[in-house]
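Protein chains in written order, with the working numbering: chain A, 38 to 271; chain B, 38 to 271.
Just so it is clear, CB atoms sit at the ideal spot from N, CA and C, and this is done for glycine as well.
Read the structure below first, then the notes.
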DNA sequence: CAATGACCGATCGTGCATGATCTATGAAGC
DNA sequence: GCTTCATAGATCATGCACGATCGGTCATTG
């Protein structure tokens, strides 16, 4: 479908086939190259990637267990829908994960973690500078994932990354309506969070994370509300 | 290996093979029938369940994505170890999940949820009555899973159930050392939690959940410490 | 006579079985 | 101790069969 997915007849080593398919599909789903509801045909994919159906099925099983695709028994497997009715559960969970991961990062980080976090923040700032909304979404996710890693709780990082990826899908739906004021604010908030983490100010980090999460939740809700009005206006 | 896993040559419908293998392996891993580190041979399993390797591989992929098994590339897949060094991350995460799920249950439950929760509590009480430690562990998990369901946040329930299952594995290692005093206390604490949920007392439910979680964490830590001493005494 | 609904077969795609191949490991030989 | 080779087991390819959907045909009814 995309040029990227077409160009994969290169030699690949044994044992990397499943991961290859998994990564491609995961990226395409999160980037909405495959929009929710798209059917995923094993045979087409097998031909496109010039491999057999077996590794593709295994990648699909993995994606299904993470909720990114839904397999209809004996029929097809489709990209999972975004459940707009239960978005509040998403907001609730991601806000909590923002908070606990940032808290733990302030508590348990080591100097090397800060280097990674600052590098991710720099990438985010560059994306904002370049007005590249897609890059902003991706680098923002990486920034917070790095903070979570510094907290060193794999249970939280696992859930948090899932939620961040789901957030990427949602934001992609609306990224065209981004304004420049908010991203600049995010850059500043990120800097404050880094400072709190570096100072091992757990409560401060928590407070900033909560405020940051509320910002993002509010932004998404506004984007959705705006979209609703436009839809109704037709 | 067990009689249960042997008895599976019965007819099965198309599309249920993977789920069958997945459920059997999952139960055996959580119940420590397959202790951590056990190698899982696809061919042996295929012969034992009289099916081909394909559905077994797909079940293993699913288990791997949930962290219950670890696949060493191009070698074998083994049952994942319990990481005793990082147990504190487990305790931290499960305590938080106890709290948020109980809070949400107090907020969002409907009357039918309470029926399920009370039924699970009755089953737990019966297990305590019968001094059946294994049943206590299992029914306790079901009780809290029911509370989480009543909270209606699939992100939390997903992580919480994973943590509860991991807790089952840990407890199984030490279940022989259970005393009768603690389970009785758990029954009483469960009753208080139900009352708080039914009364929609969010803060009270939170407080009780935290106390309950602390109890359980403390118990596990004591069991481990006792085991350490015994190990050193050899 | 036209419209609607049930039955039936073709077709597509998944679910499972099995064969072929490669890789890592451990044992044997130098 | 290093190299070579045999072997076990994972990884991938391919073939077959079942199940579901879709279109057509025919009977029934207004």
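Between residue 190/B and residue 107/A, is the Cβ-Cβ spacing less than 8 Å?
Reading the second chain from its first residue, position 153 is the one you call residue 190/B. Reading the first chain from its first residue, position 70 is the one you call residue 107/A. Contact: no.
Cβ contact check for the region 125-139 of chain A and the region 239-246 of chain A: 3 or more pairs under 8 Å
In the pairwise beta carbon analysis, the region 125-139 of chain A is classified as touching the region 239-246 of chain A: at least three pairs are separated by under 8 Å.
Looking at C-beta atoms only, is the number of pairs between the region 159-170 of chain A and the region 226-239 of chain B that lie closer than 8 Å three or more?
Result no; under three Cβ-Cβ pairs closer than 8 Å.
Distance between beta carbons of residue 55/A and residue 95/B, contact taken as under 8 Å
What you label residue 95/B is simply residue 58 of the second chain in a count that begins at 1. What you label residue 55/A is simply residue 18 of the first chain in a count that begins at 1. Not really, about 11 Å apart at Cβ, beyond 8 Å.
Is the Cβ-Cβ distance between residue 234/A and residue 184/A less than 8 Å?
The sequence position of residue 234/A within the first chain is 197, counting from 1. The sequence position of residue 184/A within the first chain is 147, counting from 1. With respect to residue 184/A, residue 234/A sits close: the two C-beta atoms are nearer than 8 Å.
Under 8 Å between C-beta atoms of residue 187/A and residue 154/A
Residue 187/A sits at position 150 when you count from the first residue of the first chain. Residue 154/A sits at position 117 when you count from the first residue of the first chain. Cβ atoms of residue 187/A and residue 154/A: closer than 8 Å.
Taking the alpha carbon of residue 130/B as the reference point, which residue from 145/B, 220/B, 222/B and 204/B has its own alpha carbon closest?
In the second chain, residue 130/B corresponds to position 93, counting from 1. Answer by Cα proximity: 204/B.
Can you find a C-beta in chain A that's less than 8 Å from the C-beta of residue 135/B?
In the second chain, the residue the question calls residue 135/B occupies position 98. No - not a single Cβ of chain A is within 8 Å of the one on residue 135/B.
Spatially closest choice to residue 219/B from 201/B, 168/B and 261/B, by CA coordinates:
As a first step, residue 219/B is located in the second chain; it is residue number 182 there, counting from the start. With distances taken between Cα atoms, residue 219/B lies closest to 168/B.
Kindly indicate if chain A contains any beta-carbon less than 8 Å away from that of residue 39/B.
Locating residue 39/B in the second chain gives position 2, where the first residue counts as 1. Interpretation of residue 39/B is limited by its pLDDT of 43, a score under 50 that renders its predicted location unreliable; the figure taken from the coordinates is listed afterwards. Any Cβ of chain A closer than 8 Å to the Cβ of residue 39/B would place that residue at the interface, and such an atom is absent.
On the premise that residue 238/A lies in contact with residue 143/A, defined as a C-beta separation below 8 Å, what is that separation, rounded to the nearest angstrom?
Your numbering for residue 143/A matches position 106 in the first chain. Your numbering for residue 238/A matches position 201 in the first chain. That pair is a contact at about 6 Å.
Residue 92/B: buried (16+ other C-beta within 10 angstroms of its C-beta) or exposed?
Taking the first residue of the second chain as 1, we reach residue 92/B at position 55. By the Cβ-count criterion, residue 92/B is buried, with 16 or more other Cβ atoms from all chains shown falling within 10 Å of its own Cβ.
For residue 77/A, which beta-bridge partners are listed by DSSP?
The sequence position of residue 77/A within the first chain is 40, counting from 1. Answer by DSSP bridge pairing, in chain order: 114/A.
Quick one: measure Cβ to Cβ for residue 100/A and residue 59/A, integer angstroms, because I've assumed they're closer than 8 Å.
In the first chain, residue 100/A corresponds to position 63, counting from 1. In the first chain, residue 59/A corresponds to position 22, counting from 1. About 7 Å; that satisfies the 8 Å criterion.
Could you give the uninterrupted runs of the alpha helix (DSSP H) lying entirely in the region 146-211 of chain A, keeping only those of 4 residues or more?
For the region 146-211 of chain A, whole alpha helix (DSSP H) runs of length 4 or above, ordered along the chain, are 148-166, 170-188 and 191-211.
Close Cβ partners of residue 90/B (< 7 Å) along its chain, the five nearest in sequence each way excluded:
Taking the first residue of the second chain as 1, we reach residue 90/B at position 53. Residues of the same chain with a CB within less than 7 Å of the CB of residue 90/B, apart from the 5 flanking positions on each side, are 79, 80 and 83 in chain order.
Are any of the Cβ atoms in chain B nearer than 8 Å to that of residue 127/A?
For the purposes of this step, residue 127/A is taken as residue 90 along the first chain, with counting starting at 1. For residue 127/A, the answer is yes, since a Cβ of chain B falls inside 8 Å of its Cβ.
Say whether chain B places a C-beta atom closer than 8 Å to the C-beta of residue 103/A.
Indexing the first chain from 1 puts residue 103/A at position 66. Yes, contact with chain B.
With H, G and I counted as helix, E and B as strand and the rest as coil, what does DSSP make of residue 58/B?
Here residue 58/B is taken as the residue at index 21 of the second chain, counted from 1. Secondary structure of residue 58/B (DSSP, three-state): helix.
Within 10 Å of its beta-carbon, does residue 246/B have 16 or more other beta-carbons around it, so buried, or fewer, so exposed?
Looking up residue 246/B in the second chain gives position 209. Buried: at least 16 other Cβ atoms inside 10 Å.
Which bits of chain B does residue 52/A rub up against, with CB to CB less than 7 Å?
Mapped onto the first chain, residue 52/A falls at position 15. The contacting residues are 110 and 111.
Chain A contacts made by the region 53-66 of chain B, where a contact means CB separation under 7 Å
So nothing in the stretch comes that close.
In this structure, what does DSSP give as the bridge partners for residue 106/B?
Sequence index remark: in the second chain, residue 106/B carries index 69 (1-based). According to DSSP, which records beta bridges pairwise, residue 106/B is partnered with 116/B.
Helix or strand or just coil, what does DSSP make of residue 241/B?
The residue labelled residue 241/B in the question sits at position 204 within the second chain. Assigned with DSSP and collapsed to three states, residue 241/B falls in helix.
If the cut is a Cβ gap below 7 Å, which residues of chain B does residue 196/A touch?
Mapped onto the first chain, residue 196/A falls at position 159. Listed by position along chain B, the residues whose Cβ is nearer than 7 Å to that of residue 196/A are 192 and 196.
Using the Cβ count rule (16 or more neighbours within 10 Å means buried), how would you classify residue 254/A?
Looking up residue 254/A in the first chain gives position 217. Its Cβ being crowded by 16 or more others within 10 Å, residue 254/A is buried.
Measure the beta-carbon distance from residue 117/B to residue 105/B and round it to whole angstroms, keeping in mind my assumption that it falls under 8 Å.
As a first step, residue 117/B must be located in the second chain, where it is residue number 80. As a first step, residue 105/B must be located in the second chain, where it is residue number 68. Here residue 117/B really is in contact with residue 105/B; their C-beta atoms are around 6 Å apart, less than 8 Å.
Exposed or buried, which one is residue 251/B when buried takes at least 16 other CB atoms within 10 Å?
The sequence position of residue 251/B within the second chain is 214, counting from 1. It counts as exposed.
Can you give me the C-alpha to C-alpha distance between residue 200/B and residue 206/B, rounded to a whole angstrom?
On the second chain, residue 200/B is found 163 positions in, with the first residue counted as 1. On the second chain, residue 206/B is found 169 positions in, with the first residue counted as 1. Approximately 10 Å, taken between the alpha carbons.
Return helix, strand or coil for residue 68/A, following the three-state DSSP convention.
Walking along the first chain from the start, residue 68/A turns up at place 31. Residue state, collapsed to three classes: coil.
CB contact check: residue 228/B to chain A, cutoff 8 Å:
As a working mapping, residue 228/B is identified with position 191 in the second chain. With 8 Å as the cut-off, residue 228/B does not count as an interface residue toward chain A.
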